[in-house]
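Here the structure is laid out as structure tokens; the discussion comes afterwards.
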Amino acid sequence: KHFINHKKNDIIYNQSSPINKVYLVSKGKVKVVYYTEEGNEIIKAILTKGELFGEKALLGDQAQNEQAIALTDNTQLCPLSLDKMYELMRDNGRFSLEISKIISFRLKKTERRLERLLFKDAKTRLLEFIQDLVEEQAASAKDAVEINHFYTQNDIANLIGTSRETVTKLLNQFKQEGIL
62 KHFINHKKND
72 IIYNQSSPIN
82 KVYLVSKGKV
92 KVVYYTEEGN
102 EIIKAILTKG
112 ELFGEKALLG
122 DQAQNEQAIA
132 LTDNTQLCPL
142 SLDKMYELMR
152 DNGRFSLEIS
162 KIISFRLKKT
172 ERRLERLLFK
182 DAKTRLLEFI
192 QDLVEEQAAS
202 AKDAVEINHF
212 YTQNDIANLI
222 GTSRETVTKL
232 LNQFKQEGIL
């Protein structure tokens, strides 16, 4: 069985799950989160087709500190055991390089996000979040770009470290200023 199907809000793994698999998103969307001591959800990533998660297992993490949740019905995942991943990486240099690139990209993205949270105001964080979406979707955008995304305003607020109300206010301001 190469693929596992999940319905919206299915928990793929949680903090008490063993760390023994890496997952590839084949279809749908997955949200990876952790919870603060106060019980607040912090979104680490929202992943779509072709993206990998659970990769910390490859790095030897023993404790699960996050939860992965299917965001859409018919989310289809390809789970790979650590043994299978290590075998693929050992036997296929190109595959191993791609996994390293994915982990490196994820680390750089996390570092950028942390820098934004620490050193930039909410307006700048939102503008840079939108710019990242543009760069991900438009190879050479010169003028107006239509961004197709699946983020709720609450997701965006969580990802940029502000409230949903602030995101709504800033998006309305950007529309008035002609930015959006």
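So the sequence shown is numbered by our numbering: it starts at 62 and just counts up by one. Note that the Cβ used here is the ideal one computed from N, Cα and C, for glycine as well. All of these numbers come straight from a predicted model, not from anything done at the bench.
If you check the beta carbons only, do residue i and residue j fall under 8 Å apart?
{"i": "Glu102", "j": "Asn219", "result": "yes"}
{"i": "Lys105", "j": "Val94", "result": "yes"}
{"i": "Glu112", "j": "Val86", "result": "yes"}
{"i": "Phe114", "j": "Tyr147", "result": "no"}
{"i": "Ala118", "j": "Val91", "result": "no"}
{"i": "Lys231", "j": "Leu187", "result": "Residue identity check: residue 231 is Leu in the sequence provided, not Lys. Yes, these two residues count as a Cβ contact at 8 Å."}
{"i": "Met150", "j": "Ile160", "result": "yes"}
{"i": "Ile107", "j": "Asp193", "result": "no"}
{"i": "Ile29", "j": "Leu138", "result": "Lying outside 62 to 241, the shown extent of the chain, residue 29 is not represented and no answer is given."}
{"i": "Arg177", "j": "Glu196", "result": "no"}
Taking the beta carbon of residue i as the centre, do at least 16 other beta carbons fall within 10 Å, making it buried, or is it exposed?
{"i": "Thr223", "result": "buried"}
{"i": "Ile208", "result": "exposed"}
{"i": "Ile221", "result": "buried"}
{"i": "His67", "result": "buried"}
{"i": "Thr213", "result": "exposed"}
{"i": "Thr136", "result": "buried"}
{"i": "Leu175", "result": "exposed"}
{"i": "Ile72", "result": "exposed"}
{"i": "Arg155", "result": "exposed"}
{"i": "Lys236", "result": "exposed"}
{"i": "Lys82", "result": "buried"}
What span of residues does the beta strand (DSSP E) with residue i cover, start to end?
{"i": "Leu85", "result": "Lys82 to Lys88"}
{"i": "Ile250", "result": "Only positions 62 to 241 of the chain appear in the structure, and residue 250 is not among them; the question remains open."}
{"i": "His67", "result": "Ile65 to His67"}
Going by DSSP, what residue range makes up the alpha helix (DSSP H) through residue i?
{"i": "Ile217", "result": "Gln214 to Ile221"}
{"i": "Leu232", "result": "Arg225 to Gln237"}
Unbroken alpha helix (DSSP H) runs of length 4 or more, entirely within the region 96–153: which are they?
143–152
Could you give the uninterrupted runs of the beta strand (DSSP E) lying entirely in the region 171–198, keeping only those of 3 residues or more?
none
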